[in-house]
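These notes are about the structure you will find just below.
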Amino acid sequence: MMAEGHVLNFSELDLPSDISKTLDELKYQHPTPIQSKTIPLLLKGRDVLGQAQTGTGKTAAFALPILARLDRSGNSVQTLVLTPTRELAIQVSASFSRYAAGIKGFRVVSIYGGQAYDIQLRALKRGPHVVVGTPGRVMDHIRRKTLRLDKLRFMVLDEADEMLRMGFVDDVEWILQHTPDERQTCLFSATMPKQIQHIANRHLRDPERIVIEARHTAAETVNQRYWIANGKDQKLEAIIRFLEAEHTEAVLVFVRTRQMTTELSEKLESRGYSSAALSGDMAQRRREQTVDQLKRGRINILIATDVAARGLDIDRISHVINFDAPQDVESYIHRIGRTGRAGRSGEALLIITHRERRFVKTLERVLRLKISELLLPSHEEMQQRRIDRFTQTIATTVSRSDLSSYRSLMEKFISESALPPVDVAAALAHMLDEGVEPLRLQKRRKLVPGRKEKPSKSREIDNGKQQDRGRKARNFEVTSPIEKFHKSSETDSGRGKKKTQIKSLPKGMERFRVEVGEVHGANPSHLVGALANEAMLDSKHIGKIDIGSDHSFVDLPEGMPKELLRDLKKVWVCDQRLKIVRVQSALDPVDERQKKKVKKGKKRAIGNTPKKHRKGSRPTFVDG
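Okay, here's the thing in structure tokens:
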């Protein structure tokens with residue numbers, strides 16, 4: 001056994017080169033105590049009895065040496081890992097896949113109750129090297145002879161005390177009895193009750209015992225809370241309300257995938273929050289620029305993955321939000337450690353689903369503290385807080401800003417109109433709430449007469465990928481009736497100004513105009529993000545998008561509710577209200593017979609005509 005506290009570099013653990021390369025790519029440098037003690041023993045073929053808390057790195061401790069010793073040419077099950085829950089089975093299976101990224105032909109399968117048998121049967125027939133499962137479902141497959149263990153070389157019991165608590169001990173005993181005697185066994189448990197010790201004595205061969213004291217402590221300066229959501233949409237709503245209720249400086253939001261960093265950032269931007277995505281596939285220069293923007297306060301919300309956030313050290317981060325729950329306690333501790341630094345207090349919010357409630361209990365047990373459930377503010381409370389912030393902003397503006405030009409303007413207006421000052425102030429507040437255009441014009445590029453403008457930014461041109469500074473955005477390429485797009489802009493040679501051309505609509509779609517365009521810095525992803533979030537539309541249901549100079553057109557499914565359209569009018573994109581209106585007809589030649597029918601008093605609105613008569617003369621705009 002190695003000396004207490006001795007920690008090696010992964011490069012010194014005598015792992016195969018393809019595994020070592022993967023660890024380098026994952027930025028794994030120093031093994032945890034359980035890893036530095038367990039890996040050499042398992043590589044030598046010894047049985048191991050490990051006592052360690054959740055979050056100490058146990059999965060890598062047994063997965064790495066097992067991967068190193070696998071017969072890669074074999075098509076039989078060589079490793080069986082038992083876990084108490086399906087969530088843990090999925091997690092361990094994913095870890096095996098991640099560590100084996102450089103092993104060609106490696107196969108791992110997770111089997112658990114609640115998943116269809118046919119899915120598992122197909123996966124088992126392909127001959128996996130590793131099977132990870134819960135005791136009950138593993139027993140079923142053994143009885144059905146769909147899981148054969150006659151060539152099993154490695155057996156792992158993960159979180160054995162949890163399986164004991166859940167009543168799986170007899171099942172575990174039965175499974176062990178149906179495995180070869182010459183297998184190598186590894187058992188991990190946070191505690192060592194007599195029943196676990198009994199299993200070890202019966203089924204492990206002269207095991208090396210490893211005890212890792214629990215050293216995990218969350219920062220004392222971080223207030224930790226959790227909230228239970230029913231789905232992704234509720235998660236977003238929770239974040240919005242949380243940000244409304246909390247006094248935040250800089251917020252770090254953790255998600256599970258690179259795609260989600262961009263998607264969530266776009267949704268928050270559509271709600272008026274300054275945010276940016278940070279993912280592992282970003283160029284280093286772009287990553288540095290994004291982090292610098294957060295440090296300088298140019299953005300206040302950063303959406304990141306675990307890999308992208310490694311090494312992030314920013315004092316002004318006041319809140320950490322776990323939009324997606326981390327894989328283990330260790331990752332959680334690393335995440336929330338990004339706030340509450342330099343003696344400052346911090347806030348941490350964990351958003352979980354009902355299936356992830358167990359993770360909160362695990363956190364409380366390991367961290368030895370109570371994590372309270374968050375009570376989100378009601379609509380009325382949010383409204384009052386907005387009013388409070390508005391009045392405070394007025395007071396701050398009066399005390400700190402030069403208002404001389406505005407004061408003279410208001411004095412002249414009040415004098416000439418004879419309106420009470422309070423009514424004028426109320427009107428200004430109303431105009432602000434409705435998103436009236438700014439009083440001062442923003443300086444924009446000159447339009448040279450006769451100058452040919454750049455082509456419109458349509459989803460056809462960039463195939464759903466932003467070309468801005470090499471940033472990768474969501475892929476808008478979808479399998480839908482409207483996946484092929486045509487160019488939709490032409491130059492008005494008389495004025496040198498871009499004109500958006502409207503062509504025939506795909507079946508089942510309606511066209512809408514929004515008052516945001518190229519001069520505002522808009523691109524298709526901005527509109528998709530706003531519409532997908534506010535209208536709860538999947539991006540594949542959002543049709544053609546044509547970005548004009550100062551307005552744009554977007555195709556949406558027929559029958560959009562009026563209430564929804566009224567809400568969409570007030571949505572902000574690129575500092576502009578959408579002010580969305582429906583285009584009743586396309587620019588197709590009008591059906592003269594239909595015109596006569598309308599003139600004869602049939603009083604049928606163009607938008608309500610049967611599909612075979614839905615051709616109109618000119619685009620007509622109506623409020624939602």
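Quick note: the sequence shown uses my numbering, first residue 1, plus one each step.
Cβ atoms here follow ideal geometry from the backbone N, Cα and C, with glycine treated the same way.
None of these values were measured; they are calculated from a predicted model.
| said: Given a cut-off of 9 Å on the beta-carbon distance, is the pair Leu-556 and Gly-543 in contact? | reply: Yes, these two residues count as a Cβ contact at 9 Å.
| Counting along the chain, where does the alpha helix (DSSP H) carrying Val-255 start and finish? | First-last for Val-255: undefined, no H or E at that position.
| query | Using a Cβ-Cβ cut-off of 8 Å (strictly less than) and excluding sequence neighbours within five positions of Ala-304, which residues of its own chain qualify? | reply | These residues qualify, in order along the chain: Leu-252, Val-253, Phe-254, Val-255, Thr-261, Ala-277, Leu-278, Ser-279, Leu-312.
| query | Beta-carbon separation of Leu-82 and Thr-38 under 9 Å? | reply | Their beta carbons are not under 9 Å apart, which means Leu-82 does not touch Thr-38 by this criterion.
| Met-163 - containing beta strand (DSSP E), residue span | Per DSSP, Met-163 belongs to no beta strand (DSSP E); it is in the alpha helix (DSSP H), 160-165.
| Would you call Arg-144 buried or exposed, if buried means 16 or more other Cβ atoms sit within 10 Å of its Cβ? | Classification for Arg-144: exposed.
| field | Among Gln-51, Asp-47, Ile-66, the one whose alpha carbon lies nearest that of Ile-19 | value | Proximity to Ile-19 across Gln-51, Asp-47, Ile-66 peaks at Ile-66, based on C-alpha coordinates.
| message | Using the three-state DSSP reduction, which class does Arg-445 fall into: helix, strand or coil? | response | With a pLDDT of 44 at Arg-445, under the threshold of 50, the predicted position of this residue should be treated as unreliable, though the coordinate-derived value follows. Note: Arg-445 maps to coil in three-state DSSP.
| query | What span of residues does the beta strand (DSSP E) with Gln-51 cover, start to end? | reply | For Gln-51, the enclosing beta strand (DSSP E) stretches over residues 48-51.
| query | CB-CB under 6 Å to Lys-487, same chain, minus the five flanking residues each way: which ones, in chain order? | reply | Because the pLDDT at Lys-487 is just 34, under 50, the model does not fix this residue reliably, and the value given afterwards should be weighed accordingly. Excluding sequence neighbours, Lys-487 sits near nothing in its chain.
| task | Indicate whether Gln-51 and Arg-209 have their beta-carbon atoms separated by less than 9 Å. | result | Yes, the pair counts as a contact, with Cβ atoms nearer than the cut-off.
| task | Please work out which residues of its chain come closer than 6 Å, Cβ to Cβ, to Glu-347, disregarding the five sequence neighbours upstream and downstream, and give them in chain order. | result | These residues qualify, in order along the chain: Asn-223, His-319.
| said: In this structure, how does DSSP classify Tyr-99 when only helix, strand and coil are distinguished? | reply: DSSP, reduced to helix, strand and coil, places Tyr-99 within a helical segment of the structure shown.
| Beta-carbon proximity of Gly-297 to Arg-316, cut-off 9 Å | Taking 9 Å as the Cβ cut-off, Gly-297 and Arg-316 qualify as a contacting pair.
| Should Gln-197 and Val-169 be called a contact, given that it needs their Cβ atoms to be closer than 9 Å? | Cβ atoms of Gln-197 and Val-169: not closer than 9 Å.
| Per DSSP, what kind of secondary structure is Ser-189 in: helix, strand or coil? | Here DSSP, grouped into helix, strand and coil, assigns Ser-189 to strand.
| message | Is the separation between the beta-carbon of Met-560 and that of Arg-582 shorter than 9 Å? | response | Inclusion of Met-560 and Arg-582 in the CB contact set at 9 Å is warranted, their separation being smaller than that value.
| request: Starting from the C-beta of Leu-374, find all residues in its chain whose C-beta is less than 7 Å away, skip the five residues before and the five after it, and write them out in chain order. | output: If we look at Leu-374 and ignore the five residues flanking it on each side, its Cβ neighbours are Arg-225, Tyr-226, Trp-227, Leu-349.
| request: Would you identify the three-state DSSP class for His-319, choosing helix, strand or coil? | output: Per DSSP, reduced to three states, the secondary structure at His-319 is strand.
| task | Tell me whether the beta-carbon of Leu-43 lies closer than 9 Å to the beta-carbon of Pro-207. | result | Result no, Cβ atoms of Leu-43 and Pro-207 do not sit closer than 9 Å.
| query | What is the DSSP secondary structure of Thr-38, reduced to helix, strand or coil? | reply | Helix at Thr-38.
| Can you give the Cα-Cα distance for Gly-337 and Leu-363, rounded to whole angstroms? | Rounded to the nearest angstrom, the two C-alpha atoms are 14 Å apart.
| Under a three-way DSSP split, which group does Thr-393 fall into? | Of the three classes helix, strand and coil, the one that applies to Thr-393 here is helix, per DSSP.
| query | DSSP on Ile-387, reduced to helix/strand/coil? | reply | Here Ile-387 sits in helix by DSSP.
| message | What does the alpha-carbon distance come out to for the pair Val-366 and Ile-333? | response | Val-366 and Ile-333: Cα-Cα distance of roughly 11 Å.
| query | Which one of Phe-62, Lys-58, Asp-324 has the shortest CA to CA distance from Gly-45? | reply | In this structure, Phe-62 is the residue among Phe-62, Lys-58, Asp-324 with its C-alpha nearest to the C-alpha of Gly-45.
| field | alpha helix (DSSP H) segments (min. 4 residues) lying fully within the segment 57-117 | value | Qualifying alpha helix (DSSP H) stretches, in chain order: 58-69, 86-99.
| message | Out of Ala-89, Gln-78, Ser-525, which one is the CA nearest neighbour of Phe-154? | response | With distances taken between Cα atoms, Phe-154 lies closest to Gln-78.
| request: Identify every residue that forms a DSSP beta bridge with Val-573. | output: Answer is Gln-576.
| message | Quick check: what's the CA-CA separation for Gly-626 versus Glu-249? | response | Here the chain covers residues 1 to 624 and nothing more, so residue 626 does not appear.
| said: Just to confirm, is the Cβ distance from Asp-161 to Ala-190 under 9 Å? | reply: In contact: Asp-161 and Ala-190 (Cβ atoms closer than 9 Å).
| said: Assuming Leu-23 is part of the alpha helix (DSSP H), what are its boundary residues? | reply: Unbroken alpha helix (DSSP H) run through Leu-23: 17-25.
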